[in-house]
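As structure tokens, the structure follows; a few thoughts come after it.
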Amino acid sequence: MRYSCTKSGEVFVDFSKAHVLGRLGYHTEEIIIVAETTDRIFQQLYSTRNVSASSHVGRLLGTRLQYAGITNVQLDLQGKKYHGKTKAFVDGIHEMGIITTENTKKIAAIHKLADKAK
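Take 0 as the starting number for the sequence shown in numbering that gives the first Met the number 0 and just add one per residue.
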């Protein structure tokens, strides 16, 4: 069974000083699927906070989304630029065949705030 959660589910990525966290959540703040560098599968990584770790977390999250039957998700970058670790994370999700779309309402709101600041 395959289904899409593009209306309510969003993929988030967070970077701390030591780890990378990717998760699928809903607007109700309920976390559904999580992949992070603290998972046992990542114990052999040289670093848990570089571009390679971000790519691995993206691939693991993509795999878990596939197992759950989710093929389409919204992507919430939370104002992060699309390069480096963020790009590696998203590319990892794409490598697993997950289709991502951006939340255009949030992007429009960010642009409005930027225009007001000028």
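Glycine included, every Cβ here is placed at the ideal spot set by N, Cα and C.
1. Report the residue from L64, E35, T47, E29 whose alpha carbon sits nearest the alpha carbon of V12.
2. Hey, could you find the ends of the alpha helix (DSSP H) T99 is sitting in?
3. Measuring alpha carbon to alpha carbon, tell me which residue in R48, E94, Y45 is nearest R63.
4. Please list, in chain order, all residues of the same chain as S15 whose beta carbon is under 8 Å from its beta carbon, the five residues on each side excluded.
5. Within 10 angstroms of the Cβ of T39, are there 16 or more other Cβ atoms? Answer buried if so, exposed if not.
6. Where does R22 sit, in a helix, a strand or coil, going by DSSP?
7. When you compare only the Cα positions, how much space is there between Q77 and V10?
8. Using alpha carbons as the reference points, say which of D75, G83, Q65, V50 lies closest to G96.
9. Is E9 helix, strand or coil when you go by DSSP?
10. By the 10 Å Cβ neighbour count, where 16 or more other Cβ atoms means buried, how is K84 classified, buried or exposed?
11. Check each candidate in I30, T100, A67, I92 and name the one with the smallest Cα separation from S54.
Quick look at the numbers:
1. Translated into positions along the sequence shown, residue 12 becomes position 13. Selected option, being the one with the closest Cα: E35.
2. Here residue 99 is taken as the residue at index 100 of the sequence shown, counted from 1. Here T99 belongs to no alpha helix (DSSP H); instead the beta strand (DSSP E) covers 98 to 101.
3. The residue you call residue 63 lines up with position 64 of the sequence shown. Scanning R48, E94, Y45 for the CA closest to the CA of R63 turns up E94.
4. What you label residue 15 is simply residue 16 of the sequence shown in a count that begins at 1. So the list reads R48, once near-sequence residues are dropped.
5. In the sequence shown, the residue the question calls residue 39 occupies position 40. The sequence shown places Arg at residue 39, rather than the Thr named in the question. Exposed, because fewer than 16 other Cβ atoms sit within 10 Å of the Cβ of R39.
6. For the purposes of this step, residue 22 is taken as residue 23 along the sequence shown, with counting starting at 1. It is a strand residue.
7. The residue you call residue 77 lines up with position 78 of the sequence shown. The residue you call residue 10 lines up with position 11 of the sequence shown. For Q77 and V10, the gap between their C-alpha atoms comes out near 10 Å.
8. As a working note, residue 96 is residue 97 in the sequence shown. Distances from the alpha-carbon of G96 to those of D75, G83, Q65, V50 put Q65 closest.
9. In the sequence shown, the residue the question calls residue 9 occupies position 10. Three-state result, E9: strand.
10. Counting from one through the sequence shown, the residue named residue 84 turns up at place 85. So K84 counts as buried.
11. On the sequence shown, residue 54 is found 55 positions in, with the first residue counted as 1. Minimum Cα distance to S54 is reached at I92.
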